[in-house]
Amino acid sequence: MFDLDRWQEIYHVLSKNKLRTFLTAFGVFWGIFMLVIMMGSGDGLKNGISQNFGDMATNSVFIWAQQTSVPYKGFTRGRRFDYENSDVRALDEAIPEIKYLAPRTNVGGFNGASNVIRGLKSGSFQIFGDYPVFDSIDPVNLLQGRFINELDLKEKRKIVVIGLRVKELLFEKDENPVNQYIQINGVYFKVVGLFKSKRTGEAASFDNQRIHMPFTTCQKTYNMGDAIGFFNITSKDGIQVAIVEEKAIKVLKKRHAISPTDDAAIGHFNLEVEYKKMVGLFLGIRILVWIVGIGTLLAGVIGVSNIMLVVVKERTKEIGIQRALGATPRIVISQIITESVVLTTFSGYFGLTLGVGLLELINYLLDKSGANTEMFLHPGINFNVAITSLAILVVAGAFAGMVPARKAVSVKPIDALRYE
Amino acid sequence: MVDISNIHKTYITGNNKLHVLKGIDLKVDAGEMISVMGASGSGKSTLLNILGILDNHDHGEYILNGVRIENLNERKAAMLRNKFLGFVFQSFNLVSFKNAMENVALPLYYQNVKRKKRNAIAMEFLDRMGLKDWAHHLPNELSGGQKQRVAIARALIAKPKVILADEPTGALDSVTSQEVMDILTDINKNENITMLIVTHEHDIAKRTQKTIRITDGMITEIIKN
């Protein structure tokens, strides 16, 4: 309930020495302001880095073939080998922890580019042969048409799904690419789908220059025989992909006569490990931000507590009068705590607002200037954090008022009245 | 109304023990107006503070309006002060940031009386003190006599059983002192409120029914005026 007398008293106390109140409030303001700015910057850094992952399943591992480095079973070292279609079934049967298993090929070797032609236009793009399951591992936004399906695979259909950049370079602006034909390395394919990357920045423009065709079509059309370029495997939920990785390498080594001690023959990249490193890094940053932020805030709150002690001391006689007239300790304590909470909450709210405002400004300027956002994107703090810090402020304010309030009622009324 | 027997009070500061009250017995009937006199350091203020539940006694018994005052926590003490006692101080002790009306209404604020109602009652009391026109002035805009009248209105507003006045005229000139005493005697007569006045002025003491002289922590003389 609104109590005018209480607020009159708060106003009197806080406005009595305006400079002192301002400086005290500034301590809390600065604490929360720094917390918001640091937290927002941490988030910006995190957003910037994580955009490179898109919606990619982070519990995935890539496995490809390199050269052997240890002589084994009569083979010399330095032997090249290829994975085969039969490896897919073998892996699937040997490793129950696998969720998705996507064998993939690419035309022109890893990172190679092929010449793609349509009428008078042409371009160089990455060509992949894929299983439909690939869309579950590294999803894209399908803008038009469809992705590769099982029937395409079975019938080795000559169809492709193209990225947005491919469409921009090969088609007119308002042209519908679906059901049109493009020529890849001399062979015509029908376009059945158009997609856009879920990533942003440089990673996205890389994605948008891809062309996907059915895995079987790719093998047959470009004379790859049985060869598989690489595997992309994800583990079942709750299982570390490292377990799958280890088992898969073991199975593949056995099937391709590679020495168990040969670490160079099979190339592999565990995305989960990288991702966890990154998550750990951001957790570290976050913890640091909280420690520093809370520390700064604490310094501000201690300032408030200190000033409240001074205020209580100054008002000893006044509080004594109030108690002589019938103010119970509860009334006195709640009055002082309210003063403290009002001071911290008000200045804290101001700091919060200004901090969020500054972050928004940075965000706006970043967007407008079109700066490279590879490392830093959308700084900001989420609503929960803002509410949490406000709650912390209120609680901290209450604690800051507690000691002075106790001190105020610990004096005997008569001593308070006699105080000059 | 007030019944104390064998009250002792000792102040301990460091290694020094100061035995201020050495067994005080006093009975004050309802509606009596009594003055307490004594040299400074004789213990008269200490006695008043104990009667006002602003301080506690070490030994003896204190019964106020039938309630035994013993081992009270601060909450109970505050409530008893609010309900039974009104205070008038030498230095007025008005709250500086509240105007006359709000100062008078303060005891009712602690009884959770609604602001409108308590301010209306406060205006009534100020009117009786002849201060209606000064209701919205802050204490530092009032003269000494006016301040003391505001303080008396404040002491009266909660309809106490006993008013305790510690040198109520100590800071006032003789004319104003007599005016304040007129008001206090009026209240005593018309409202039948018990009154204890600590003073060192004989002409003030003379206006009460009984004067109690305290010397060195003991009652040495009771004079009927």
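Residue numbers (my numbering), protein chains in the order written: chain P, 682 to 1101; chain W, 81 to 305. Note that beta-carbon positions come from the ideal geometry of N, C-alpha and C, so glycine has one too.
Close partners of asparagine 95/W in chain P (Cβ separation under 7 Å) are lacking, with about 20 Å as the shortest Cβ gap. The C-beta of threonine 93/W has fewer than 16 other C-beta atoms within 10 Å across all chains shown, which makes the residue exposed. Neighbours of leucine 134/W in chain P, taken as residues at a C-beta separation under 8 Å, are given in chain order as Ala1005, Lys1093, Pro1094, Ile1095, Leu1098. Residue contact with chain P for methionine 159/W: present (Cβ-Cβ distance below 8 Å to some residue of chain P).
Valine 1076/P has its alpha-carbon roughly 10 Å from the corresponding atom of methionine 1083/P.
Shown here, proline 248/W sits in coil according to DSSP, grouped into three states, outside any helix or strand. Residues of chain W with a Cβ closer than 9 Å to the Cβ of proline 1010/P are, in chain order, Asn153, Glu154, Arg155, Ala158.
Secondary-structure assignment with DSSP links isoleucine 863/P through a beta bridge to Phe870/P. Under the DSSP assignment, isoleucine 1062/P falls outside any alpha helix (DSSP H); it carries neither an H nor an E label. Where histidine 139/W is concerned, the enclosing beta strand (DSSP E) starts and stops at 139-144.
Of the candidates Asn889/P, Thr897/P, Lys802/P, Thr897/P places its Cα closest to the Cα of lysine 839/P. Leucine 186/W belongs to the set of residues whose beta carbon lies under 8 Å from a beta carbon in chain P. Counting only unbroken stretches of 4 or more residues, the alpha helix (DSSP H) elements lying wholly within the region 203-290 of chain W are 224-237, 254-271, 282-285, in sequence order. Contacts with chain W (Cβ-Cβ distance below 9 Å) from the region 983-1004 of chain P involve Lys998, Glu999, Gly1001, Ile1002, Gln1003, Arg1004, listed in chain order. Secondary structure at glutamate 690/P: helix, using DSSP grouped into helix, strand and coil. Between the beta-carbon of asparagine 272/W and that of glycine 111/W there is about 4 Å, and that keeps the pair under the 8 Å contact cut. Secondary structure note for aspartate 83/W: it is in no alpha helix (DSSP H), and the uninterrupted beta strand (DSSP E) holding it is 82-93. Leucine 704/P and threonine 1025/P have their C-alpha atoms spaced approximately 12 Å apart.
Under the DSSP definition of a beta bridge, methionine 737/P lacks any partner. Contact check between the region 825-837 of chain P and the region 932-943 of chain P: fewer than three CB pairs, one atom from each, fall below 8 Å, which does not count as touching. CA-to-CA, the gap between leucine 1039/P and methionine 719/P works out to about 12 Å. Looking only at Arg996/P, Asp773/P, Thr902/P, the smallest Cα-Cα distance to isoleucine 930/P is reached by Asp773/P. Taking C-alpha positions only, threonine 295/W is separated from serine 122/W by approximately 5 Å. In the three-state reduction of the DSSP assignment, glutamine 921/P falls in the coil class.
Within the same chain, Pro858, Val872, Leu875, Ile892 come within 7 Å of isoleucine 843/P by CB-CB distance, once the 5 residues on both sides are set aside.
Of all alpha-carbon atoms in Asn162/W, Phe172/W, Gly132/W, the one lying nearest the alpha-carbon of leucine 222/W is that of Phe172/W. In the DSSP assignment, asparagine 192/W falls outside any alpha helix (DSSP H), carrying neither H nor E. Per DSSP, the unbroken alpha helix (DSSP H) holding methionine 159/W starts and ends at 154-164. Counting along the chain, methionine 905/P sits inside no beta strand (DSSP E), nor does DSSP assign it H or E at all. Listed along the chain, the chain W residues whose CB falls inside 7 Å of the CB of histidine 693/P are Phe177. The DSSP assignment places 741-746 as complete runs of the beta strand (DSSP E) inside the region 688-775 of chain P, in order along the chain (cut-off: 3 residues).
Ranked by how close their Cα comes to the Cα of valine 278/W, the residues Arg148/W, Ile87/W, Phe167/W have Phe167/W in first place. Under DSSP, lysine 802/P shares a beta bridge with Arg799/P. Contacts with chain W at 8 Å (Cβ-Cβ) do not include leucine 1024/P. Going by beta carbons, lysine 802/P and leucine 851/P fall inside the 8 Å limit. Short of 7 Å from the beta carbon of lysine 89/W, and not among the five residues preceding or following it, lie these beta carbons of its own chain, in chain order: Val100, Leu101, Thr126, Ile130, His137, Asp138.
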